[in-house]
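Peer 1: Sequence positions in the first sequence follow this note's numbering and run 106 to 366.
Each residue gets a CB set at the ideal place from its N, CA and C atoms; glycine is no exception.
If you're wondering where the values come from, they're calculated on a predicted model, not measured in any experiment.
The structure follows.
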Amino acid sequence: MNTLMGNLAQTLDCGQCFRWDRLQDGTWEGVAYGRYLHITEENFSDVLRDPFWADYFDMGTDYAGIRAGLCEKDSTLAEAAHYAPEIHILRQEPWEALCSFILSQCNNIKRIKGMAARLCRAYGRNIGNGRFAFPEAETLALADEGDLRALGFGFRAPYVISAAKSVAQGRIDFKALKVMPLKEARDVLTGLSGVGPKVADCTLLYGLHKMDAFPMDVWMKRAMKVLFPGKDPSWFGPYAGVAQQYIFHYSRHHPELFQCA
DNA sequence: GTCCAGGTTTTTA
DNA sequence: TAAAAACATGGA
Numbered sequence: 106m107n108t109l110m111g112n113l114a115q116t117l118d119c120g121q122c123f124r125w126d127r128l129q130d131g132t133w134e135g136v137a138y139g140r141y142l143h144i145t146e147e148n149f150s151d152v153l154r155d156p157f158w159a160d161y162f163d164m165g166t167d168y169a170g171i172r173a174g175l176c177e178k179d180s181t182l183a184e185a186a187h188y189a190p191e192i193h194i195l196r197q198e199p200w201e202a203l204c205s206f207i208l209s210q211c212n213n214i215k216r217i218k219g220m221a222a223r224l225c226r227a228y229g230r231n232i233g234n235g236r237f238a239f240p241e242a243e244t245l246a247l248a249d250e251g252d253l254r255a256l257g258f259g260f261r262a263p264y265v266i267s268a269a270k271s272v273a274q275g276r277i278d279f280k281a282l283k284v285m286p287l288k289e290a291r292d293v294l295t296g297l298s299g300v301g302p303k304v305a306d307c308t309l310l311y312g313l314h315k316m317d318a319f320p321m322d323v324w325m326k327r328a329m330k331v332l333f334p335g336k337d338p339s340w341f342g343p344y345a346g347v348a349q350q351y352i353f354h355y356s357r358h359h360p361e362l363f364q365c366a
């Protein structure tokens, strides 16, 4: 489907975000930075003329160039990139990315989206028409663990509150993390309870747009073993994060590749 | 009922 | 150090 909406779907449906939904008519709606957006084939080009959304959808980055560079490295990587070539890495809110991926552990994407929706409804600012912003860290720092467990968060509840407190109190400073080298920033984030290397790398890639971050979840571990034996994330270079997203999306849609893994 | 889901922490050997 | 087990919940 080589349409604007088809291209957009690759970005919104590749597992990097949890606050966007495809409606029955194929249009998309979601909330970011407290702004609601409904995207249709008709309004899409206008949306991208809005500097705010153009930045959110990362329209200023040369993905064609990045993709070409990655495709030259390896034919398997080229095949993965070809499966969803129009994927962009969204510029999500750092706290939303950190919090969402804390929720993602030992969980599936559908349920993560439901949990994020309940969190926003319970603690986020009402932006009208039954829609809610992602809650501020300052708000969740004051939340009750039992209340979060009542939302179905399970063992993740204390992790969310603990991380929220660290952000609210400035012990985690996203502006500082943004300009740190990857490894250093990862070490800071993994100091949080409930944040290991995978959640840290998701935060760095999706929330702080560090393109060299390479989140290693179960799918990526399988993919590395089967599709890229002997290689490690640094082999993919400064845009490893984009490669990761191609491979993750491709792998999830080709589970038969890993039946013997 | 059993298994698994974009992990991490705690316990055990 | 490294491998299990525990951590909660809901859907298949």
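Do you know how far the Cα of residue 148 is from the Cα of residue 207?
Peer 2: Residue 207 and residue 148: Cα-Cα distance of roughly 34 Å.
Peer 1: By the three-class DSSP mapping on this structure, what secondary structure does residue 222 have?
Peer 2: Residue 222: helix per DSSP, three-state reduction.
Peer 1: Taking buried to mean at least 16 other C-beta atoms within 10 Å of its own C-beta, is residue 291 buried or exposed?
Peer 2: Classification for residue 291: buried.
Peer 1: Using beta-carbon positions only, say whether residue 279 and residue 313 come within less than 8 Å of one another.
Peer 2: Against a cut-off of 8 Å, the Cβ pair of residue 313 and residue 279 comes out as a contact.
Peer 1: Return yes when the Cβ of residue 304 is within less than 8 Å of the Cβ of residue 197, no when it is not.
Peer 2: No, the pair does not count as a contact, with Cβ atoms beyond the cut-off.
Peer 1: Do the region 150 to 157 and the region 224 to 238 touch if we need at least three Cβ pairs shorter than 8 Å?
Peer 2: Cβ pair count under 8 Å is below three, so no.
Peer 1: Unbroken alpha helix (DSSP H) runs of length 4 or more, entirely within the region 237 to 281: which are they?
Peer 2: Here the runs fully enclosed are 242 to 245, 250 to 255 and 261 to 273.
Peer 1: Is DSSP giving residue 151 helix, strand or coil here?
Peer 2: Of the three classes helix, strand and coil, the one that applies to residue 151 here is helix, per DSSP.
Peer 1: Does DSSP classify residue 134 as helix, strand or coil?
Peer 2: Strand.
Peer 1: Whole angstroms are fine: how far does the CA of residue 130 sit from the CA of residue 276?
Peer 2: Going by the C-alpha atoms only, they are around 44 Å apart.
Peer 1: Buried or exposed: where does residue 250 fall if 16 or more other Cβ atoms within 10 Å of its Cβ makes it buried?
Peer 2: With fewer than 16 other Cβ atoms within 10 Å, it is exposed.
Peer 1: In terms of residues, what are the limits of the beta strand (DSSP E) holding residue 125?
Peer 2: Segment 125 to 127, the beta strand (DSSP E) holding residue 125.
Peer 1: Cβ atoms of residue 221 and residue 124: under 8 Å apart, would you say?
Peer 2: Yes, the Cβ-Cβ distance between residue 124 and residue 221 is below 8 Å.
Peer 1: With a CB to CB cut of under 6 Å and the five nearest residues on each side skipped, what residues in its chain are close to residue 262?
Peer 2: Closer than 6 Å at the Cβ level, and outside the excluded window around residue 262, lie 250, 253 and 254.
Peer 1: On the criterion of 16 or more Cβ atoms from any shown chain inside 10 Å, does residue 116 qualify as buried, or is it exposed?
Peer 2: So residue 116 counts as buried.
Peer 1: Considering only C-alpha positions, which residue in the set 111, 121 and 324 is nearest to residue 195?
Peer 2: Nearest C-alpha to residue 195: 121.
Peer 1: Determine the burial state of residue 192: buried for a count of at least 16 other Cβ atoms within 10 Å of its Cβ, exposed for fewer.
Peer 2: Per the 10 Å Cβ criterion, buried.
Peer 1: Alpha carbon to alpha carbon, how far is residue 318 from residue 325? Give it in angstroms, no decimals.
Peer 2: Approximately 13 Å, taken between the alpha carbons.
Peer 1: Cβ of residue 264 within 8 Å of Cβ of residue 245?
Peer 2: Contact: no.
Peer 1: Assuming the contact rule is C-beta atoms closer than 8 Å, residue 349 and residue 320 should be a hit. Round their C-beta distance to whole Å, please.
Peer 2: Rounded, the Cβ-Cβ distance is 6 Å, consistent with contact.
Peer 1: Under 8 Å, do residue 189 and residue 307 count as touching if we go by C-beta distance?
Peer 2: Their beta carbons are not under 8 Å apart, which means residue 189 does not touch residue 307 by this criterion.
Peer 1: Expressed to the nearest angstrom, what Euclidean distance is found between the alpha-carbon atoms of residue 138 and residue 232?
Peer 2: Roughly 11 Å between the two C-alpha positions.
Peer 1: Per DSSP, residue 144 forms a beta bridge with which residues?
Peer 2: 133.
Peer 1: Considering only residues of the same chain and omitting the five flanking positions on each side of residue 119, which have a CB-CB separation below 8 Å?
Peer 2: 189, 192, 350, 353 and 354.
Peer 1: In chain order, what residues of the same chain have a beta carbon less than 6 Å from the beta carbon of residue 223, not counting five sequence neighbours either side?
Peer 2: Excluding sequence neighbours, residue 223 sits near 256.
Peer 1: Could you tell me the distance, in whole angstroms, from the CA atom of residue 134 to the CA atom of residue 159?
Peer 2: Roughly 16 Å between the two C-alpha positions.
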